[in-house]
Every structure is written in C-alpha cells, then in structure tokens.
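Counting from 1, position 49 in the sequence shown corresponds to residue 853 in the working numbering; the numbering is continuous, with no gaps.
Step one of this worksheet: look at the structure below.
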Amino acid sequence: MPASPPLRVAILISGRGSNMASLIEAAREPGYPAKIALVLSNRPQAAGLATAAAAGIPTASLRQRDFPDRDAFDAEIGRVLAAHAIDLVCLAGFMRILTPGLVEAWRGRMLNIHPSLLPLYKGLDTHERALAAGDAEHGCTVHFVVPELDSGPVVAQARVPILPGDDADSLAARVLGAEHALYPKALAEVAASLGPKSVP
Ligand code: GAR
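Following this line, the structure appears as structure tokens:
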C-alpha cells in the first residue's frame, strides 16, 4: 500500500516558538507523518512568526482585541484552520485558553505541550512551583487538549532531574531541551495514528 500523505498540522504560538522550530525541523525528515502547513499566532509580534516565515511556512496572526468576544475570536481561528485544510493542531507556547467550542471541534486532534509532569503543576510558573516543592525531578508533557486546562489524556512525558543550585531559569532550560525532543516524537506518534480530518 502506498504511504498515506502527511497530515496537515497547524502550530499555534504566542512568542518565541522554539518548540515550533523543533516541530518544523522534524517534519522536514522524509517519511515524517506530518507537514507543518500553518503557524498561527495571537500576537503579531511573536518572534516565532518570523522563524516560520523564514522556513517557508504560511503564517497568520489574529488579535483578540479585533473581535467582540472570545467566541468570535475562536470562531475565526477555526475558520483559518479550515481554510488551510488543517488535520491536526499543535499548541506550542500558545498562552490563551481556548473556548470549549473550538476545543470540542478539535477533540482528539489538538495537542499541547506543558512544562511539567502533569497532573502536577497545571497552569503557570511550573518551574518555580517544582523548586518550591523540593521535587527531585521535573519535566514536560504532551497531551490532548480538552476544555479543562492542562487536563487531557497524556500522549508522552519526559523527565529531567532537579539539580542542587537550580533556579527557575536553569530548570526551564533543562525542561525546554526535553520538550524539543519530546514534541516531535509525540506528534509523529499521533499523526501516524490518524487519517485526515473530514470537513464538518
Ligand atoms: C514552553 O516551555 C512550553 O512548554 C510552555 O511555554 C514555553 C514556550 O516556549 N507552555 C506553556 O506554559 C503552556 N501552558 P517556546 O515558545 O519557545 O516553544
């Protein structure tokens, strides 16, 4: 049987986009089951948009303040995703909580990377909280997105040690290195298990 075409993936970012860059690089490998077809940001000044454009990937940015409410904003995100025939969405440092309507429309087809060993430390300041708790290890999680924040089924996790003398910055850097290895592997696993998204 001929190999199926790679799934079309959109990456949603708000800033630096280093996880996005690791996904773009992985998807360049022959045989990778996903193609990065769009990078969308809720912040037009996000540095990751320039990185994506330089890699030849279509980009879009939408600002919440140009829409009357969150539902209208997320409806537009849904329209942009459909217009690019997206099959699967990866949140990568996308610092907005999506409305349940959009999340439900993408159930089983939307991934997020979170910088903790979920279910520990949902939300913000995960590195500070792991240090304050005196944990011996920390890490990152790729999970399916559900309406409840940082709570969907886990696809994959990576662990890193917390070392004497660590502060939030040194720990964040160690976790970020693990994120860059984990997300491409997790996306490949999920993309290989799915067919194209049918148009609703
Ligand atoms: C990453 O550490 C990611 O796990 C985190 O933001 C950073 C984005 O960095 N995401 C969250 O905290 C989501 N709640 P990046 O823009 O360089 O990929």
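The C-beta atom is built at its ideal place from N, Cα and C for all residues, glycine as well.
Only counting the same chain, and skipping five residues up and downstream in sequence, which positions put a Cβ closer than 6 Å to that of residue i?
i, result
"His888", "Ala841 and Leu842"
"Leu816", "Leu844, Leu895 and Phe898"
Is the separation between the beta-carbon of residue i and that of residue j shorter than 7 Å?
i, j, result
"Glu932", "Ala972", "yes"
"Leu921", "Gly943", "yes"
"Lys839", "Pro862", "no"
"Leu885", "Ala990", "no"
"Leu902", "Asp878", "yes"
"Ala962", "Pro837", "no"
"Ile828", "Ala854", "no"
"Leu906", "Gly882", "yes"
Taking residue i and residue j to be in contact with their CB atoms under 8 Å, please state how far apart those CB atoms are, rounded to whole angstroms.
i, j, result
"Val959", "Val949", "Not confirmed; about 11 Å, so no contact."
"Asn823", "Arg900", "Not really, about 16 Å apart at Cβ, beyond 8 Å."
"Asp891", "Pro1000", "5 Å"
"Glu941", "Ile917", "At roughly 18 Å, the Cβ-Cβ gap does not stay under 8 Å, so Glu941 and Ile917 are not in contact."
"Pro904", "Glu983", "About 26 Å separates the two Cβ atoms, so there is no contact after all."
By Cβ distance below 7 Å, which residues in the same chain neighbour residue i in space, the five residues on each side in sequence not counted?
i, result
"Ala851", "Gly819, Arg820 and Gly821"
"Asp970", "Leu935"
Looking at the unbroken beta strand (DSSP E) that takes in residue i, where does it start and where does it end?
i, result
"Asn916", "Met914 to His918"
"Glu941", "Glu941 to Phe948"
"Ile840", "Ala838 to Ser845"
"Gln961", "Val958 to Pro965"
"Ser1005", "Residue numbering for the chain in the displayed model covers 805 to 1004; residue 1005 lies beyond these limits and cannot be assessed."
Return the first residue and the last residue of the alpha helix (DSSP H) that residue i is part of.
i, result
"Pro904", "Pro904 to Ala909"
"Ile817", "Counting along the chain, Ile817 falls outside any alpha helix (DSSP H), though it belongs to the beta strand (DSSP E) covering Leu811 to Ile817."
"Leu928", "Counting along the chain, Leu928 falls outside any alpha helix (DSSP H), and DSSP gives it neither H nor E."
"Arg820", "Premise fails: Arg820 is in no alpha helix (DSSP H) and is neither H nor E."
"Ala990", "Ala972 to Ser997"
"Leu885", "Arg874 to Ala887"
"Ala854", "Ala851 to Ala858"
Leaving out five residues before and five after residue i in sequence, what residues of the same chain have Cβ atoms less than 8 Å from its Cβ?
i, result
"Cys849", "What sits at residue 849 in the sequence shown is Gln, not Cys. Cβ within range, chain order: n/a, list empty."
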